[in-house]
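What follows is a set of notes on a single structure, which appears directly below.
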Amino acid sequence: MSALYRQLTLRDEADTVALGSRLAAVLTPGMLVFLQGDLGAGKTTLCRGLVRGLGHRGAVKSPTYTLVEPYDNTVPPVYHFDLYRLGDPAELDAIGLRDYLDSEHLCLVEWPGRGDGVLPPADLIITITQVGAGRQADLKAVSLRARRALAALDDRLSGAVT
3 MSALYRQLTL RDEADTVALG SRLAAVLTPG MLVFLQGDLG AGKTTLCRGL
53 VRGLGHRGAV KSPTYTLVEP YDNTVPPVYH FDLYRLGDPA ELDAIGLRDY
103 LDSEHLCLVE WPGRGDGVLP PADLIITITQ VGAGRQADLK AVSLRARRAL
153 AALDDRLSGA VT
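Quick note: the sequence shown uses the numbering used here, first residue 3, plus one each step.
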């Protein structure tokens, strides 16, 4: 199965949050989403839009120091990982990574490269890069369910995110 790609222009932070909210409407429990990009690219901002799009009303912070932030009050529940400070991929086994990866939760992983060799393959890979004053989001659907999600996302794209 070949991957499905989408490339979106994000003019500002509001566009990044809006993309996260739109993704919330199409992603399904059990999916693993990798978020790639430089520091300050907007990975956590996109996660904030996604988690709020799933019903969370509180703060959405980067779990840089805790490695994982659970959002059990969303539908589906979300585990948000930030592996930036991970010293060794083997540490993921120590925190019980496999227990987090189940069919009931949506898992968002920032800095997935730091978990190489331990993390399973992603369903969806989102790479955010700075382009001028804005950002570009490249979405690559690897699994069948991510392909379906991106196809559904097309129907929801209008307004700020193009």
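Yeah, the Cβ is synthetic: ideal placement off N, Cα and C, and Gly gets one too. Remember, predicted model here, so these are calculated numbers, not experimental data.
Closer than 7 angstroms: is that where the CB of Gly55 sits relative to any heavy atom of the ligand ZN?
As presented, the structure is devoid of all ligands, the ligand ZN included, so that no description of it is given.
Quick one: grab the DSSP three-state call for Glu71.
Start at 1 with the first residue of the sequence shown, and residue 71 comes out as number 69. The answer is strand: DSSP assigns Glu71 an E or B state.
Do Gly136 and Thr11 have their CB atoms nearer than 8 angstroms?
Here residue 136 corresponds to residue number 134 of the sequence shown, with the count starting at 1. Here residue 11 corresponds to residue number 9 of the sequence shown, with the count starting at 1. Contact: yes.
Assigned exposure category for Val80 - 16 Cβ within 10 Å defines buried
In the sequence shown, counting from the first residue as 1, residue 80 sits at position 78. By the 10 Å Cβ count, Val80 comes out buried.
Can you tell which of Asp156, Ala154 and Val144 has the C-alpha that lies nearest to the C-alpha of Leu6?
The sequence position of residue 6 within the sequence shown is 4, counting from 1. Closest in C-alpha terms to Leu6, from the list Asp156, Ala154 and Val144, comes Val144.
Considering only DSSP beta bridges, list what Gly136 is partnered with.
Within the sequence shown, the letter at position 134 stands for residue 136. Val133.
From the DSSP output, which residues share a beta bridge with Cys109?
Looking up residue 109 in the sequence shown gives position 107. According to DSSP, which records beta bridges pairwise, Cys109 is partnered with Leu34 and Tyr81.
Which residue from Pro31, Ala151 and Asp156 puts its Cα closest to that of Asp74?
As a position in the sequence shown, residue 74 is number 72, starting the count at 1. Nearest C-alpha to Asp74 among Pro31, Ala151 and Asp156: Pro31.
Using a beta-carbon distance below 8 angstroms, is Cys109 in contact with chain D?
Absent from the structure: chain D. Only one protein chain is present.
Separation of Gly55 from Gly22, as counted between CA atoms:
For this step, residue 22 is matched to residue 20 along the sequence shown. For this step, residue 55 is matched to residue 53 along the sequence shown. Gly22 and Gly55: Cα-Cα distance of roughly 7 angstroms.
Just to confirm, is the Cβ distance from Gly44 to Ile130 under 8 angstroms?
Position 42 of the sequence shown, counted from the first residue, corresponds to residue 44. Position 128 of the sequence shown, counted from the first residue, corresponds to residue 130. Yes, the Cβ-Cβ distance between Gly44 and Ile130 is below 8 angstroms.
As assigned by DSSP and simplified to three states, the class of Thr164:
Within the sequence shown, the letter at position 162 stands for residue 164. Low confidence applies to Thr164: its pLDDT is 42, below 50, so where it sits in the model is not reliable, and the reading given next is rough at best. In the three-state scheme derived from DSSP, where H, G and I count as helix and E and B as strand, Thr164 is classed as coil.
For the beta strand (DSSP E) that Thr11 lies in, which residues bound it at each end?
Sequence index remark: in the sequence shown, residue 11 carries index 9 (1-based). In the DSSP assignment, Thr11 falls within the beta strand (DSSP E) that extends over Leu6 to Leu12.
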